[in-house]
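So the structure is just underneath, and the comments pick up after that.
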Amino acid sequence: MTSIGDALVRLKVPHGGYLSGLKMFSPGASSGQSKIFGPAYTVRMVPETDKTSPRPNQHFADAIPSGSVVFVSQPDGFISACWGGLMSTRAQKAAAAGVVIDGRFRDINEHRELGIGLYARGMSILGSNSFTRSSELNVPVAYKIKELGNAEIPVRPGDLIMGDADGVVAIPPEMAEQCVELCESRWAIDEATRDCLENGEDIGPTIKKLRN
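Sequence positions in the sequence shown follow the working numbering and run 169 to 380.
Structure follows, in structure tokens:
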């Protein structure tokens, strides 16, 4: 994952596509070898009080494409959850590759029992009822990086979402091939660097020798 972020920085993707602020909550807490990977299926949520935004003609969890990563965009300013255990049960039956919540979720133990990969900003004990609702499905959304003054990373339907214990990244599919090439090159350099360090060499000269 770290190599992907470095590659996307080199490819001039804003902020390396890193969705800072997301944490792995399931199947474990930012640990282990579990990964999620797949094209984004986006869900835009709006406040329940919003009477003008469109409404989907079916529950958003029933429209999940097989192999996709569900990406739910919750509006700012809510302490309620927009995803729960029953939705992960439906997502798993729909063969989703994972779930990313730009907001809060609940029922953590249910997700872990399912073994589904789930990332979010945080948790809640409150459901979405009377707080938020789904509006548009498979539309571009924006992920805000709080640490950078709400700088935005676009997440489009079909963008490749990958997550592991280190975090989550959004990869523009048109850059996927170049990203793979850069990652393979960097992996070879890193392995050579590791060999030198394990043989007792200093890291400064080793990096200068292998990475320039």
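Here a beta-carbon is modelled for each residue, glycine too, at the ideal position from N, C-alpha and C. Everything numeric in this text was worked out from a predicted model, so none of it was measured.
Where the beta strand (DSSP E) containing Arg272 begins and where it ends: Your numbering for residue 272 matches position 104 in the sequence shown. Residues 266 to 273.
Residues near Gln242 in its chain [Cβ-Cβ closer than 8 Å; skip 5 each side]: Position 74 of the sequence shown holds residue 242. Closer than 8 Å at the Cβ level, and outside the excluded window around Gln242, lie Met213, Cys250, Ile269, Asp270, Gly271, Arg272, Thr300.
Met169 in three-state terms, based on DSSP: Here residue 169 refers to the residue found at position 1 of the sequence shown. It is coil, neither helix nor strand.
Alpha carbon of Glu352 to alpha carbon of Glu359, nearest angstrom: Within the sequence shown, the letter at position 184 stands for residue 352. Within the sequence shown, the letter at position 191 stands for residue 359. When only Cα atoms are considered, Glu352 and Glu359 end up about 11 Å apart.
With 16 other Cβ atoms within 10 Å as the buried cut-off, status of Leu365: Within the sequence shown, the letter at position 197 stands for residue 365. The residue in question, Leu365, is exposed, as its Cβ has fewer than 16 Cβ neighbours within 10 Å.
Beta-carbon proximity of Val181 to Pro340, cut-off 8 Å: Residue numbering aside, residue 181 sits at position 13 when the sequence shown is read from its first letter. Residue numbering aside, residue 340 sits at position 172 when the sequence shown is read from its first letter. A contact, by the Cβ cut-off of 8 Å.
Limits of the alpha helix (DSSP H) - the one that Lys261 falls within: Counted from its first residue, the sequence shown places residue 261 at position 93. Start and end: 253 to 261.
Beta-carbon proximity of Phe246 to Thr210, cut-off 8 Å: For the purposes of this step, residue 246 is taken as residue 78 along the sequence shown, with counting starting at 1. For the purposes of this step, residue 210 is taken as residue 42 along the sequence shown, with counting starting at 1. Not in contact: Phe246 and Thr210 (Cβ atoms no closer than 8 Å).
Cross-strand partners of Glu216 (DSSP beta bridge): In the sequence shown, residue 216 corresponds to position 48, counting from 1. In DSSP, Glu216 forms no bridge with anything.
Segment limits, beta strand (DSSP E) that includes Glu304: On the sequence shown, residue 304 is found 136 positions in, with the first residue counted as 1. Its beta strand (DSSP E) spans residues 300 to 305.
Residue span of the beta strand (DSSP E) that contains Ile339, given as start and end: Position 171 of the sequence shown, counted from the start, is the residue given in the question as residue 339. Looking at the DSSP string, the run of the beta strand (DSSP E) that includes Ile339 is 335 to 339.
For Glu320, the residue or residues it bridges with in DSSP: Here residue 320 is taken as the residue at index 152 of the sequence shown, counted from 1. Answer is Lys312, bridged to Glu320.
Burial state of His279, where buried means 16 or more other Cβ atoms lie within 10 Å: Stepping through the sequence shown from its first residue, residue 279 is reached at position 111. Counting C-beta atoms within 10 angstroms of its own C-beta, His279 has 16 or more neighbours from the protein chains shown and is therefore classed as buried.
Arg289, enclosing beta strand (DSSP E) - first and last residue: If you number the sequence shown from 1, residue 289 lands on position 121. Counting along the chain, the beta strand (DSSP E) containing Arg289 begins and ends at 286 to 291.
Ser303 to Gln226 span [Cα, whole Å]: As a working note, residue 303 is residue 135 in the sequence shown. As a working note, residue 226 is residue 58 in the sequence shown. Those two C-alpha atoms are separated by around 10 Å.
Residues near Gln346 by beta carbon distance below 7 Å, same chain, minus five either side: Along the sequence shown, one-based indexing puts residue 346 at 178. These residues qualify, in order along the chain: Leu179.
Spatial neighbours of Leu176 in its chain, beta-carbon cut-off 6 Å, leaving aside the 5 residues before and after: Your numbering for residue 176 matches position 8 in the sequence shown. If we look at Leu176 and ignore the five residues flanking it on each side, its Cβ neighbours are Gly184, Gly185.
Residues near Ala259 in its chain [Cβ-Cβ closer than 8 Å; skip 5 each side]: The residue labelled residue 259 in the question sits at position 91 within the sequence shown. Excluding residues within five positions, the ones whose Cβ falls inside 8 Å are Ala229, Ile232, Val238, Val267, Ile284.
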